[in-house]
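Take a look at the structure below.
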Amino acid sequence: MIDIKLLRDNPDLVRASQRSRGADESLVDSVLAADEKRRTSLQEFEALRGQQKSVSKNVGAAMGALNAAKKKGEPTEDLERAAQQARDDATTLSARVKELEQGAAEAGRDFESRLKQLDNVVLDGVPPGGEDDFVELEKVGEPTRFDFEPLDHLALGERLGAIDMERGAKVGGARFYFLTGVGARLELAMLNMAVAQAVEYGFTPMITPTLVRPEIMDGTGYLDAHEDVYHLPADDLYLTGTSEVALAGYHKDEIIDLADGPRRYAGWSTCYRREAGSHGKDTRGIIRVHQFQKVEMFVYCKPEDAVAEHQRLLAWEREMLGKMELPYRIIDTAAGDLGGSAARKFDCEAWVPTQGRYRELTSTSNCTTYQARRLNTRFRTEEGRTEPVATLNGTLATTRWLVAILENHQQADGSVVVPKALQPFLGLDVLKPL
Numbered sequence: 273m274i275d276i277k278l279l280r281d282n283p284d285l286v287r288a289s290q291r292s293r294g295a296d297e298s299l300v301d302s303v304l305a306a307d308e309k310r311r312t313s314l315q316e317f318e319a320l321r322g323q324q325k326s327v328s329k330n331v332g333a334a335m336g337a338l339n340a341a342k343k344k345g346e347p348t349e350d351l352e353r354a355a356q357q358a359r360d361d362a363t364t365l366s367a368r369v370k371e372l373e374q375g376a377a378e379a380g381r382d383f384e385s386r387l388k389q390l391d392n393v394v395l396d397g398v399p400p401g402g403e404d405d406f407v408e409l410e411k412v413g414e415p416t417r418f419d420f421e422p423l424d425h426l427a428l429g430e431r432l433g434a435i436d437m438e439r440g441a442k443v444g445g446a447r448f449y450f451l452t453g454v455g456a457r458l459e460l461a462m463l464n465m466a467v468a469q470a471v472e473y474g475f476t477p478m479i480t481p482t483l484v485r486p487e488i489m490d491g492t493g494y495l496d497a498h499e500d501v502y503h504l505p506a507d508d509l510y511l512t513g514t515s516e517v518a519l520a521g522y523h524k525d526e527i528i529d530l531a532d533g534p535r536r537y538a539g540w541s542t543c544y545r546r547e548a549g550s551h552g553k554d555t556r557g558i559i560r561v562h563q564f565q566k567v568e569m570f571v572y573c574k575p576e577d578a579v580a581e582h583q584r585l586l587a588w589e590r591e592m593l594g595k596m597e598l599p600y601r602i603i604d605t606a607a608g609d610l611g612g613s614a615a616r617k618f619d620c621e622a623w624v625p626t627q628g629r630y631r632e633l634t635s636t637s638n639c640t641t642y643q644a645r646r647l648n649t650r651f652r653t654e655e656g657r658t659e660p661v662a663t664l665n666g667t668l669a670t671t672r673w674l675v676a677i678l679e680n681h682q683q684a685d686g687s688v689v690v691p692k693a694l695q696p697f698l699g700l701d702v703l704k705p706l
């Protein structure tokens, strides 16, 4: 969630962010009103609870005076009335305190619920608008051209004995597949190369859980109006669409040490996505599927270091794409196409020859302190205060890359040349049709 102090001090900035996303600006006033109600309710409760302590002392004093009079054999009628009145006052006040406590708790829950509906505040320079309003930052390499009619990745994969969609559908339904033979080897080689690069740059490799609790999924922002997640209601667990989710939850409720710089993790996991809003899109091949493999970079750093770290993640993604010898472009994603947690996102899109367009292979997001506030992940400043960390993520390799690798490196005879950097990991320099 966003910093409530930022919202109180600069509501117009948050309104502008919502506007650039095409989101509801009125949420800002709704959250501010809920915040005021929460604070007022809490003040009333705490003030009356303070009175309750005084009244409790009065009860004690009245009972003490009554007991002392009884021991001395003195008249107690007036003291008994006073003690009873003190007890009645205490009972009435106690009921009122409980009522105010419940009201304050309810106001707090309402405030938190409304605050969570606000998306992260986009950073300066993020283009406003929706999916088609991105800004192209750079193109690397020229689109691949052939002197023969190129095959798409599925036709190539079937000839190579690498992809079996028919049996995947038989087993799992639409958008499932088998990677077989060199297809499985190619994916494993690519993912292993991604891990090797991550380790080279100081990342800790992680094999992450793919089932997480609701509070972890919610903490990353993936439950906010998100229809793309699988839920197991019998266990109340969610299948993750990226290891970002598990890695974000790794340090939940912790104060982590960032004195020596960012904490960098590289998570390898199977990922699951319902693709609920993708009916009829990319139905051929493995571009848009329900299950895939991915190596994801995830970073915890100080908020002031997040912008520079975002550029590092992008550079590491570019290095991997360079090793794959793919033509690609980098886009600055428009605000309306960002996930709710992201303040800025860069996508790298590789050229897919048979589609005649660029398709996303990687994305890297700066989530600033949005996820950390939800997950209560903090660091200690030099002054000794604890503050929320910043979190960032970026794709280093995923199943969809096979599409671009097969199509861009195909030969007229249906074979596929393996990029040089990948050959040591695969043990082959050419993939040949069966």
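First residue of the sequence shown: 273, per this note's numbering; consecutive thereafter. No residue lacks a Cβ here, since even glycine has one placed at the ideal position from N, Cα and C. Given the structure is predicted, the values throughout are model-derived calculations rather than measurements.
Cα-Cα separation between residue i and residue j, rounded to whole angstroms
| i | j | result |
| --- | --- | --- |
| residue 577 | residue 446 | 43 Å |
| residue 422 | residue 624 | 11 Å |
| residue 580 | residue 278 | 22 Å |
| residue 642 | residue 574 | 13 Å |
| residue 306 | residue 428 | 57 Å |
| residue 254 | residue 475 | Nothing in the structure corresponds to residue 254, since the chain is present only between 273 and 706. |
| residue 663 | residue 706 | 46 Å |
| residue 523 | residue 472 | 23 Å |
| residue 404 | residue 673 | 22 Å |
| residue 570 | residue 516 | 6 Å |
| residue 553 | residue 438 | 18 Å |
| residue 697 | residue 688 | 16 Å |
| residue 525 | residue 655 | 20 Å |
| residue 532 | residue 373 | 43 Å |
| residue 274 | residue 488 | 17 Å |
| residue 411 | residue 602 | 6 Å |
| residue 394 | residue 426 | 38 Å |
| residue 558 | residue 397 | 34 Å |
| residue 543 | residue 671 | 10 Å |
| residue 276 | residue 636 | 26 Å |
| residue 681 | residue 703 | 10 Å |
Three-state secondary structure (DSSP) of residue i
| i | result |
| --- | --- |
| residue 494 | coil |
| residue 714 | Since the first and last residues shown for the chain are 273 and 706, residue 714 lies out of range. |
| residue 621 | strand |
| residue 539 | strand |
| residue 530 | coil |
| residue 574 | coil |
| residue 545 | coil |
| residue 596 | coil |
| residue 273 | coil |
| residue 704 | coil |
| residue 553 | coil |
| residue 389 | helix |
| residue 627 | coil |
| residue 603 | strand |
| residue 731 | Here the chain comprises residues numbered 273 to 706, so residue 731 is not present and cannot be evaluated. |
Residues near residue i by beta carbon distance below 7 Å, same chain, minus five either side
| i | result |
| --- | --- |
| residue 632 | 619, 621 |
| residue 592 | 466, 469, 668, 669 |
| residue 402 | 294, 606, 608, 609 |
| residue 462 | 669, 673, 694 |
| residue 503 | 510 |
| residue 659 | 650, 651, 653 |
Test item: CB-CB of residue i and residue j under 8 Å
| i | j | result |
| --- | --- | --- |
| residue 390 | residue 286 | yes |
| residue 585 | residue 666 | yes |
| residue 409 | residue 609 | no |
| residue 599 | residue 416 | yes |
| residue 367 | residue 310 | no |
| residue 676 | residue 639 | no |
| residue 651 | residue 530 | yes |
| residue 458 | residue 434 | yes |
| residue 290 | residue 304 | no |
| residue 500 | residue 486 | no |
| residue 538 | residue 481 | no |
| residue 565 | residue 448 | no |
| residue 616 | residue 582 | yes |
Proximal residues to residue i (C-beta, below 6 Å), its chain only, five neighbours per side dropped
| i | result |
| --- | --- |
| residue 376 | 313, 314, 317 |
| residue 540 | 479, 567 |
| residue 661 | 572, 644, 649, 651 |
| residue 634 | 589, 620, 667 |
| residue 297 | 287, 290, 291 |
| residue 283 | 300 |
Proximal residues to residue i (C-beta, below 8 Å), its chain only, five neighbours per side dropped
| i | result |
| --- | --- |
| residue 420 | 684 |
| residue 431 | 423, 686, 705, 706 |
| residue 700 | 454, 457, 690 |
| residue 320 | 365, 368, 369, 372 |
| residue 626 | 422, 423, 424, 425, 679 |
Closer than 7 Å: residue i CB and nearest the ligand HEM heavy atom
| i | result |
| --- | --- |
| residue 389 | The ligand content of the structure shown is nil, which means the ligand HEM is not present either. |
For the region 631-698, which segments carrying the beta strand (DSSP E) assignment without a break, of at least 3 residues, lie completely within its bounds, in sequence order?
-> Entirely contained in the region 631-698, the beta strand (DSSP E) runs reaching 3 residues are, in chain order, 650-652, 658-660, 662-670.
Fully enclosed by the region 404-479, which beta strand (DSSP E) runs are 3 residues long or longer?
-> Within the region 404-479, the complete beta strand (DSSP E) runs of at least 3 residues are 407-412, 476-479.
3 or more residues per run - each beta strand (DSSP E) lying fully within the region 502-531 | Taking 3 residues as the shortest admissible run, the region 502-531 contains the following complete beta strand (DSSP E) segments, listed from N- to C-terminal end: 502-504, 509-511.
Complete alpha helix (DSSP H) runs within the region 277-304 (minimum length 4 residues, chain order) = With a minimum length of 4 residues, the continuous alpha helix (DSSP H) runs that stay inside the region 277-304 are 283-293.
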